[in-house]
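Here's the structure we're looking at; comments come further down.
Protein chains in written order, with our numbering: chain A, 270 to 602; chain B, 270 to 602; chain C, 270 to 602; chain D, 270 to 602; chain E, 270 to 602; chain F, 270 to 602.
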């Protein structure tokens, strides 16, 4: 740790997740400076009091639980597997929007009679021995299988689980699935109701650190404020259109009659100067959700909008970050 | 194909062109999600009815011609080579702004008397046998050489054409040229009037699909709308300047007298509040073509503009995508 | 060089610095088109008269000094080492914001009595022979050691200097330090007052070219204008908030009472149309320094701002690029 | 070509086959020196009159057929596809022992009723249109399908054929198969009697070059001599054992009674000096086929052999390279 | 598994160990053919009944213990960690000569008072909490710490253990050490008597498979025979010298008087024909251990040897593979 | 350095030369064990007193000259450039058989009148300024140009010299040439009599170390002995043929009448036992130079040789390593 770094955030140290988390923080306005690829430490220049550590996801969760690290970003899969029973870990934000996958049960394609958990239970009863389930998530898998009353033994594995049924190492697997291609390549089939844990990246914190260290609490607020403002901004665009009309009020009225462009609050309206003084033009500007953009353009055209310009937004700040309030409540608990 | 994907778009599966097309679609607001690098299928999350396939460019054109694929993006070089005579392929957009190159005739540097097509024709007449031309584009090359009355035999090749003259495999080549460095490294020289086909990436569609499948037609409109709005936006910037003046009208008048900042339509003008109430300031905002930015800044300064802020634009939507209308006309034919 | 390219800019040809300089120019609006990774030449499509050359940093400085190249971008470390005594090189911009490192003196960790330059001097006096200092920067190191009256001999090296003390090749080193990790790995310690030359990327020009070639002078202005406008923009964001108030003047007054959002000049204020006609709302827009964003948000909330939207800025042009004026002065000298 | 290089051998320019051919030639005692990975030319230092060219396999066959290249090494698949009808290509050695694969017909796994060529024919008759067969080997595939009276249309492809049936680009494929894994990944199944062309690397020559250029003929002999001596050596080991016996003849007799170690010709036998003069020991040495080594060891132990040492062999030269004689005969034809 | 493959050998699937084991088997005369890098299956062409599987080392040991795999090659570290208590795993060969490392205890460099296990125990008593030991080998580490009466808690980790003490995740580590560089880079120090498990690659088998499957037993013999013959050969060279002498016996006598070249058994001696008939020359040939080569050369020169030729040996077979006998004994147990 | 390592050998730390030197030492029987790719230290297990260091070639020469390293392997180009005037460096072996290249003068292809050093001198006189020669070998280049009376200024460079004439950085270059391809790519032409320094890898030692440290002297002998025996062995093969004849003497006589197989000393001859007792066969064994193998096979066949087996040789030791004697002489000087 560099001098002055009093709070620590641990990030995934490898692969796709590392790239995604660094991209996410950069977009959020908190770019991480990792001076040396071999190093496991880094800084966030705009948050000098924050030291960054890189660890494997499982180690991140354990470190935050122990309290040797204050904050961590990891997948919900690993967090739920390793968070332990005693509430040392607080989940500040559970959907950072990347690292999506699901922990699922998958069976050999050839088990044609097994199409869901119920038929798996029935089929497994016909086995001489309990169902052998290979997994790297014993806690979650155990709990799920017990809830579903499937008698089994768990087999842990170091390497690719997908080959386990072919090798004869296990009967079925409980594994992370994202595109499903690896399952398909290995002639396995995920059960539609076999989702043990849906997952995406999440921000966690050590409860005690938040309770006892005011600068950790301030950091939690700062992180949540920026993350929420950024995630909201990512989903929206600023749309500006020119529109002829007698007055701002007249134009606003036309907009209030439409579905998308009526907005929550009204449009900002400014005059546009034209050479032909007989016409009065105005520029209207609204924020539109990305998914509604096509419809918004159509509506604006319908009511005479033209020269429609769409611009990106970096942050949208609302009154208070709601998750920060949720966190404060959880801390009281 | 995933369930629900009723329309298919095929993209180049390799190299620079794959990277460029994925970047282009992402910038256009249609990011492709390819869950697995080994996979030849992908999705566009914002267009769930669209299935993405990755193929080699030549196979894309054949697939769209056959109708096994509805839409494709490939280079004009390959499209013209493989589109066939019967109009099954419709070119929706022929200049997507990336993948530029030219199919050109190139001769050995040592052929000093050959400086253009005319001198090539004369020189080749002195040969005992017809000119041997190595190419991977037999259709276009054949047509070009016949139009230019150069007697020849075509030699097809799998690998680097540029070494063919040195190895003695062919006399000259008809090959794709982008920077010209590879020709230079192999001591070849492109003929200035030897451009057989200029090329950049283009969007094509199967004519029958557009005629018979309404959702394919809607998709064509959607793709063209976003592509055109994005390409237009890429070329422009939003320029905002503060300007002192008695009134919006007075300021607009000063702008109308200039060349660039006079614009097609007039500027949007809003008041700027200053501490010193004796001065009245306004903010003017216009859209300027990137290539004109320097001149626009100069003009604004000339008429008293200061604190000039330039921002990016994501889309500029005009009334109707002109290429969509062109497509509708072509479909009637 | 391509035809028509009358001015030449040389860029670093390798590693991190090449990536950073190409990113920097692209962000500045001057993307470099390098058609072929093996090539040492490239173009800037928006500046057709500019030919780009790629060289190692030391060769860039020598080329600009000689005048075979007009402009160059290199680290201040290399520029100061190689610029020579006769003023042929003009530094147009000395802080382009990337490529940060420092040329520093480092001693073996085990030299516990050496904690600064003074104690190094004392300790080195106890040696039988002069202190052996391995470096790739003999000019700067020589000057620094002489200024600090440390008797020494310089030892030049081709490879990693950090191993020199262990191998016995030298006693201490004078080397570039960025993260310090390499020093640490090799059990060396930089002396806190041993900074021989702090460094980041800089833009240099050949004095004679600027004096005699008007298009080189125009290019210098163009480069500086864009670079300054871009660097300024990178540090700022456009903040727009909705605010209820009786009049623009009333709202502006509330803002003038705050610290950050009071701004240099006042806010741009436009009316916001709302359904409920009893309230009058306005949109205020200001430019805020990135580092002040958190406080600006807080201030805006304090005075009733809501729906705060933050957008990126591409350029901020001020009246005249100050470094261009500085250059003109230097040319007179 | 370097000066003095009067004969040309073309080698595959890419991938596994390039590595294998270079390894093969090095083991054969003819290491290729390729001074520069980017170059398409190389030398064999021990054969200064031989110039090496690197081309894609198809281009190798065409070059040798044309006569612009004298010798080539390529797969039998490509040779048979491209050799043409007129006997310009002579196959000097058809089994160089690497590059094994087969051109095979493969159908979708789901076509359960299709298990061989006969059932494919029957199934394809039920189609409305002729069977669409994607391939990169139209000549061989056409011939095979016609011989098997399967009505079809061929579809050429640039990229991975295996995805063609899924995309709908073709019904079945005719493709190179080595491990079968790619077929399996794409849910295709090769037909057991669908082998169109088995293949491994082969050495070819231009007939006319051998007939008219004596140094090409001498090179053919040299290449064949070394290749045959090396391939024979690779399959054998030199086995030396110590054996007690009254005389060489007595020991030889024991060996003649065994199966493997009796050999074609007899063993070489030399006395072994031992301290204890009462015993007479001999060393016997024979050449054994690698596949027979285990049995040879067992036989030697049975008749009292001990201290068995096995050594590698570089070449085994027989009287005259048989394939050279075959070539001379073919040249007469 | 391919048809006909009735026995299975599992090999490490990744990194240095995979490369080394494939090299080892190739040198041993049992090259593995892995048709596809993505595949987890392979064949040994000379042992068609053997199917090769690739797994992570820990999974290999578990698979062999379970009996889903017959044979495996893995490090002794993992074998001892995972072999379990019940003797299902038989170690056929425990020193295959590659993959050397040691599982060791390492403490922070700054713990100056801790120099061995005894001082570690003393120091750890001064801690408030039990010593936290991070490891991926909980079974072996637990046993070792208990044997040495060090009170502790084990902390498992997914990623690089070496950073654990710095991060505060653990106090000390129990980790694999090969060169010690990684420990050094992380400022850790291995305790000289802290070797928990020395390790190199070993061949293991499932006890039940050997007892019940005769072809598995035959395979065990075959593998051991070749492995032992190869390992012995690797350590020896065949040395042949020319020597003048009256008779083979006279020369042998001179050799018997030396240390190295006297050998276990005597030399093989053959006459050398020379032009000058007055001298009688003999060639003597012996097998010499690599480490003794220099001394052997000196001895041979001393007694008049010249023209000394040294050749490689592929295998040295002794009467019966001793480890095979050991295995038979173990199976009786 | 590890404990016990009293002598140090420095090897090139990068690129082709590192790979080649490690291969060379492994083939020589002195494999280097580099436990960690990041490390600059390694061991030779069979020479425990030798510590290996990796440095850039220039640093190797300086270290050996200084005496901080005892032995080094580097190219003759760098050795001659950096060895200095005072004889501190002794060249023990100047042709290790790898790393071949030449330091040469090269001029632009377009300088048609310059074909050799003489015409370069004449041409350069016509220049206004002295010839600018870019080089990384100032000492050797200076000496060569002075000897050839060419007036010049040297220009040092960090990066690729070959682009210097095009950029205008220099007129000609003095650079290392191996295949000549890079010169050709950059339109430069080496002058046939412009070889400043031919080069290959060489073994050097510090003179003082050899004089004062007996174990360094013993190491020099050991290294030279193995290197010479290996280089000799690489060039030769062991050839064994079966031959019918009345007696060893009769066969030897036939061999003495041939050119190659007559050898320096005579063949080793042993009886071959055949089933048909009427014939007497012998095995003859000789050592043949690789380059003579084809002719030796022909000669052996001519005199009735058959079943010719060729085997590799690892070392050929002669009486005393001649270069060791040369070194002892040089040390006296």
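All C-beta atoms in this analysis are idealised placements derived from N, C-alpha and C, irrespective of residue type, glycine included.
| Query | Result |
| --- | --- |
| Minimum Cβ-Cβ distance from residue 512(A) to chain B less than 7 Å | no |
| Contacts around residue 451(E), its chain only, beta-carbon distance under 6 Å, and the 5 residues preceding and following it disregarded | 431 |
| Buried versus exposed, by CB contacts within 10 Å (16 or more), residue 475(C) | buried |
| Contact list for residue 542(C) against chain A, beta-carbon separation under 7 Å | 517, 518, 521, 535, 536, 538 |
| Beta carbon proximity, residue 364(C) to chain A, threshold 7 Å | no |
| Collapsed DSSP secondary structure at residue 588(F) in the structure displayed | coil |
| Against chain C: residues of the segment 574–591 of chain A by CB proximity under 9 Å | 580, 581, 582, 583, 584, 585, 586, 587, 588, 589 |
| Near-chain F residues of the segment 447–460 of chain E (beta-carbon distance less than 7 Å), N- to C-terminal order | 447, 448, 450 |
| Segments of 3+ residues assigned as beta strand (DSSP E) that fall wholly inside the segment 445–474 of chain A | 457–468 |
| Length-filtered (3 minimum) beta strand (DSSP E) runs lying within the segment 410–446 of chain A | 421–425, 441–446 |
| Under the three-state DSSP convention, the category residue 505(F) falls into | strand |
| Endpoints, the beta strand (DSSP E) within which residue 345(A) is located | Premise fails: residue 345(A) lies in the alpha helix (DSSP H), 345–351, not in any beta strand (DSSP E). |
| Local conformation of residue 325(E) per DSSP, three classes | coil |
| The segment 475–485 of chain A contacting the segment 331–346 of chain A, beta-carbon criterion three pairs below 8 Å | yes |
| Cβ contact (3+ pairs, closer than 8 Å) linking the segment 434–447 of chain C and the segment 374–392 of chain C | yes |
| Identified DSSP bridge partners for residue 279(C) | 322(C), 341(C) |
| Residue 542(E) versus residue 540(F) - alpha carbon distance | 13 Å |
| Rounded Cβ spacing between residue 485(B) and residue 479(B) (contact assumed at less than 8 Å) | 6 Å |
| Beta-carbon spacing of residue 317(C), residue 448(B) below 7 Å | no |
| Extent of the continuous beta strand (DSSP E) run through residue 310(F) | 310–312 |
| Euclidean distance between Cα positions of residue 589(E) and residue 365(D) | 37 Å |
| Chain C residues whose Cβ lies nearer than 7 Å to that of residue 552(B) | 537 |
| Proximal residues, the segment 314–335 of chain C versus chain F, C-beta separation under 8 Å | 322, 324, 325, 326, 327, 328, 331, 332, 335 |
| Touching by the beta-carbon criterion (3+ pairs, under 8 Å), the segment 504–511 of chain E and the segment 543–559 of chain E | yes |
| Residue 582(F) versus residue 561(F): straight-line alpha-carbon distance, rounded | 15 Å |
| Under 9 Å from the C-beta of residue 411(F): neighbouring residues of chain C | In chain order: nothing, as chain C lies at least about 17 Å away. |
| Residue 513(F) - DSSP class collapsed to helix/strand/coil | strand |
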